[in-house]
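For what it's worth, our numbering labels the leading residue of the sequence shown as 3, then goes sequentially.
C-beta atoms are modelled at their ideal positions from N, C-alpha and C, and glycine is treated no differently.
Data block below; observations after.
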Amino acid sequence: MDNKDVIDELNTLIETCKDGEYGFLSCAEHVRSTSLREVFAQRAADCRQACGELQQLVRQHGGTPEDDGSTSGALHRGWVAVKGTLTGYSDVAMLDECERGEDAAVARYRKAAQKDLPADVMNVVQRQMAGVLRNHDQIKMLRDQAKQVA
3 MDNKDVIDEL NTLIETCKDG EYGFLSCAEH VRSTSLREVF AQRAADCRQA CGELQQLVRQ
63 HGGTPEDDGS TSGALHRGWV AVKGTLTGYS DVAMLDECER GEDAAVARYR KAAQKDLPAD
123 VMNVVQRQMA GVLRNHDQIK MLRDQAKQVA
């Protein structure tokens, strides 16, 4: 994999992290549960930190890092707003949308982990992917719990 491809892959993951950060912050604004708001705020901070790490890797490889999310992420956040308006921004609906976003993040990290990335980049991608998987599992568990209460 040449350096341009490495930078492109990292920039795709940066967009993914930005999408996660923006998505979690958006959902945090609309949930009723204080504990969920705190979880979403922490997940947004985790995404922001992961993004910074990836941006540094892009610079180390001589590239210009992305600093915004993807178009599909923006569309998803728009859908969250529309769905929230229609459903009254229920906690379950927000958790469903967070899980959908985490599904996309898991898929992007898995795709990146299958590439022939340099060892330093692969180490970061695999470590961050483990975090994305933990986030996904946590959101799914919280969603399942919220459904039982609702």
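query                                                                                                                                                 : result
Looking only at its own chain, which residues have a Cβ that is under 6 Å from the Cβ of Ser72, when we skip the five neighbours before and after it? : Confidence at Ser72 is low in this model, with a pLDDT of 48, below 50, so the placement of that residue should be treated as unreliable; the coordinate-derived value is given next. Excluding residues within five positions, the ones whose Cβ falls inside 6 Å are Glu17 and Asp21.
Smallest Cα separation from His138: which of Lys149, Gln150, Gly64 and Cys100?                                                                        : Cys100
Tell me which same chain residues have a C-beta within less than 8 Å of the C-beta of Arg61, skipping the five on either side of it?                  : Pro67
Around the C-beta of Val84, are 16 or more other C-beta atoms found within 10 angstroms, so that it is buried, or is it exposed?                      : Model confidence at Val84 stands at a pLDDT of 48, short of 50, so the residue's coordinates are unreliable; what they give is reported in the following sentence. Exposed: under 16 other Cβ atoms inside 10 Å.
Given this structure, state the Cα-to-Cα distance separating Leu56 from Met96, to the nearest angstrom.                                               : 27 Å
Three or more C-beta pairs closer than 8 Å, one from the region 126-134 and one from the region 105-116: is that the case here?                       : yes
Measuring alpha carbon to alpha carbon, tell me which residue in Ala109, Thr14, Arg145 and Lys149 is nearest Leu59.                                   : Thr14
Between the beta-carbon of Cys53 and the beta-carbon of Glu23, is there less than 8 Å?                                                                : yes
Thinking just about the alpha-carbon of each residue, which of Cys49, Lys149, Leu144 and Leu38 is nearest to the one in Tyr111?                       : Cys49
Skipping 5 residues on each side, what residues in its chain have a beta carbon closer than 7 Å to that of Asn5?                                      : His63 and Gly64
State the start and end residues of the unbroken alpha helix (DSSP H) segment that holds Thr66.                                                       : Per DSSP, Thr66 belongs to no alpha helix (DSSP H) and is neither H nor E.
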